[in-house]
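Chemist: Here it is, the structure, as C-alpha cells.
There are 2 protein chains.
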Amino acid sequence: MKVEFVNPFLSATLRVLKTMASVEASPGKPFLKKEGGAHGDVSGIIGITGPVNGSMSLSFSRNCILKIMAGMLGEEMEQEAEITKDVKDAVGELTNMISGDARNELGQQGYLFQIALPTVITGLNHEIQHKCKAPTIAIPFDTDAGPFVVEVCFEN
Amino acid sequence: MKVEFVNPFLSATLRVLKTMASVEASPGKPFLKKEGGAHGDVSGIIGITGPVNGSMSLSFSRNCILKIMAGMLGEEMEQEAEITKDVKDAVGELTNMISGDARNELGQQGYLFQIALPTVITGLNHEIQHKCKAPTIAIPFDTDAGPFVVEVCFEN
Numbered sequence: 128m129k130v131e132f133v134n135p136f137l138s139a140t141l142r143v144l145k146t147m148a149s150v151e152a153s154p155g156k157p158f159l160k161k162e163g164g165a166h167g168d169v170s171g172i173i174g175i176t177g178p179v180n181g182s183m184s185l186s187f188s189r190n191c192i193l194k195i196m197a198g199m200l201g202e203e204m205e206q207e208a209e210i211t212k213d214v215k216d217a218v219g220e221l222t223n224m225i226s227g228d229a230r231n232e233l234g235q236q237g238y239l240f241q242i243a244l245p246t247v248i249t250g251l252n253h254e255i256q257h258k259c260k261a262p263t264i265a266i267p268f269d270t271d272a273g274p275f276v277v278e279v280c281f282e283n
Numbered sequence: 128m129k130v131e132f133v134n135p136f137l138s139a140t141l142r143v144l145k146t147m148a149s150v151e152a153s154p155g156k157p158f159l160k161k162e163g164g165a166h167g168d169v170s171g172i173i174g175i176t177g178p179v180n181g182s183m184s185l186s187f188s189r190n191c192i193l194k195i196m197a198g199m200l201g202e203e204m205e206q207e208a209e210i211t212k213d214v215k216d217a218v219g220e221l222t223n224m225i226s227g228d229a230r231n232e233l234g235q236q237g238y239l240f241q242i243a244l245p246t247v248i249t250g251l252n253h254e255i256q257h258k259c260k261a262p263t264i265a266i267p268f269d270t271d272a273g274p275f276v277v278e279v280c281f282e283n
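From first to last, the protein sequence lines are chains A and B. Each residue of the first sequence is one higher than the one before, starting from 128 at the first, in the numbering used here. Each residue of the second sequence is one higher than the one before, starting from 128 at the first, in the numbering used here.
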C-alpha cells in the first residue's frame with residue numbers, strides 16, 4: 128500500500144471533525160497491523176474502488192461519539208445517552224464526509240477513487256477486520272472525550 | 128432501487144454456499160426495511176460502486192457460520208468452537224465470492240459495478256445499518272443450522 132494514500136485520510140479526519148463538530152483531534156503515529164481489528168461501540172465503514180480497491184473504518188467509544196455529536200449539534204448530550212438513530216446517522220455522515228474529503232485529495236494527486244455507501248455498526252466492543260493481504264494502517268486519534276481510530280486498507 | 132439488482136445477490140448466495148460449503152440454503156421473500164439493521168454474531172460487509180453506489184452485508188449467527196465452515200472444510204466443527212481467525216477469513220471470502228458472483232451477473236445485464244474489499248465484523252449480536260436514503264433490501268435465508276440474512280442497499 129502506498130504511504131501517500133494514508134495522509135489524506137488523516138488530514139480529512141482532522142478537517143471534518145473540526146469543521147462539523149468543532150472537535151480538535153490529535154493524531155498519533157499511524158501503524159501497520161496484520162492481525163486483530165479496531166474495537167468500538169459504534170463504527171462507520173465504507174468501501175473504496177479505483178486504481179486499487181480498499182476500505183476505511185472509523186471506530187468510536189460511546190463517550191467519544193457523544194462528545195462529537197454534541198459538537199455537531201451545538202448542545203451537550205446526556206452522559207447516559209444511548210446510541211440512537213441520530214448518533215448512527217451522524218457516524219454514517221462522518222464516514223461519508225471523511226472518505227469523500229480524502230478521495231478529493233487523492234484525486235488532486237491523480238488517483239481517481241470511487242466511494243461506496245457507508246454502513247454503521249453498533250454493538251458493545253464489536254471488532255472490525257479489513258480483509259486484505261496487505262496490512263491495515265491504523266491511525267489513532269485522541270480527543271477530549273477519549274481516543275478513536277481510523278483504519279484504512281488497500282489491496283496493494 | 129431497481130428490483131433486478133436484488134435477484135443476482137439471492138442467486139449468488141445460493142450458488143456460492145452450495146459450491147463452497149455444500150450447504151443448501153432456502154431463500155425467503157426479500158423485504159424492504161427503512162429502520163433497524165441485521166443482527167448477527169459475525170458479518171461480512173462490502174462496498175459496491177458503479178452506475179449507482181451501494182453496499183452488501185451477510186450476517187450469521189455463530190451456529191450457522193460454524194456449520195457453513197464445516198461444509199467448507201469437509202469436517203465437523205466443535206459446537207463450542209470460537210469465532211476464530213479462520214472463521215473470519217471464511218466470512219471475508221464468502222463476502223468476496225457472493226458479491227463477485229452477483230457483480231458478474233449484473234455485468235451480463237449491462238450494469239458494470241466494482242467491488243471494494245470486504246470487512247468482517249465480530250461481536251455478539253452486533254447490528255449493521257446500511258446508510259442510504261433508499262430502503263435496504265433484506266433477503267432472509269434458512270439452513271439446517273438456522274437462518275442468516277443478506278442485505279443489499281443501492282442509493283437509488
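Ideal Cβ placement from N, Cα and C applies to all residues, glycine included.
#1: Is the CB of V247/A under 9 Å away from at least one CB in chain B?
#2: List, in chain order, every chain A residue whose beta-carbon is nearer than 8 Å to that of S184/B.
#3: Using a Cβ cut-off of 9 Å (strictly closer), state whether K288/A contacts chain B.
#4: Taking contact to mean 3 or more Cβ pairs, one atom from each stretch, closer than 8 Å, check whether the segment 183-192 of chain B and the segment 272-282 of chain B are in contact.
#5: From I195/A, E203/A, L251/A, pick the residue whose C-alpha is nearest to that of K145/A; which is it?
#6: Where does V150/B land, buried or exposed, given buried means 16+ other C-beta within 10 angstroms?
#7: Interface residues of chain A around C191/B at Cβ under 8 Å?
#8: Determine the direct distance from the alpha carbon of P157/B to that of A265/B, and round the result to whole angstroms.
#9: Given a cut-off of 9 Å, decide if I172/A and Q241/A are closer than it, judged by their beta-carbon atoms.
#10: If E250/B sits next to N252/A, beta carbons under 8 Å apart, how far is it from one beta carbon to the other, in whole angstroms?
#11: Is G164/A near I248/A, with beta carbons less than 9 Å apart?
#12: Under 9 Å, Cβ to Cβ, is there at least one residue of chain B near I195/A?
#13: Apart from the five residues just before and just after S188/B, which ones in its own chain have a Cβ nearer than 6 Å to its Cβ?
#14: So with CB distances below 8 Å, who are the chain B contacts of G201/A?
#15: For a test of the three-state rule: what should DSSP assign to E209/A, helix, strand or coil?
Modeler: For this structure:
#1: As a working mapping, residue 247/A is identified with position 120 in the first sequence. Chain B, which has a Cβ nearer than 9 Å to the Cβ of V247/A, makes this yes.
#2: The residue labelled residue 184/B in the question sits at position 57 within the second sequence. In chain order: T246.
#3: Outside the shown range of chain A, which is 128 to 283, sits residue 288/A, and nothing can be said about it.
#4: yes
#5: As a position in the first sequence, residue 145/A is number 18, starting the count at 1. Checking every option, the nearest Cα to that of K145/A belongs to I195/A.
#6: As a first step, residue 150/B must be located in the second sequence, where it is residue number 23. So V150/B ends up on the buried side.
#7: On the second sequence, residue 191/B is found 64 positions in, with the first residue counted as 1. By Cβ distance, chain A contributes nothing, its closest Cβ being about 17 Å from C191/B, past 8 Å.
#8: The residue given as residue 265/B occupies position 138 in the second sequence. The residue given as residue 157/B occupies position 30 in the second sequence. Each residue's alpha carbon lies about 5 Å from the other.
#9: The residue you call residue 241/A lines up with position 114 of the first sequence. The residue you call residue 172/A lines up with position 45 of the first sequence. No, Cβ-Cβ distance for Q241/A and I172/A is not below 9 Å.
#10: In the second sequence, counting from the first residue as 1, residue 250/B sits at position 123. In the first sequence, counting from the first residue as 1, residue 252/A sits at position 125. A quick correction: the sequence has Gly, not Glu, at residue 250/B. Confirmed, about 6 Å.
#11: As a working mapping, residue 164/A is identified with position 37 in the first sequence. As a working mapping, residue 248/A is identified with position 121 in the first sequence. Contact: no.
#12: Residue mapping note: residue 195/A aligns to position 68 of the first sequence, counting from 1. I195/A does not count as touching chain B.
#13: Counting from 1 along the second sequence, the entry for residue 188/B is found at position 61. Answer for S188/B: D168, G273, listed in chain order.
#14: Translated into positions along the first sequence, residue 201/A becomes position 74. Going along chain B, no residue has its Cβ under 8 Å from G201/A, so there is no contact; the nearest lies around 23 Å.
#15: Translated into the one-based positions of the first sequence, residue 209/A becomes position 82. Note: E209/A maps to coil in three-state DSSP.
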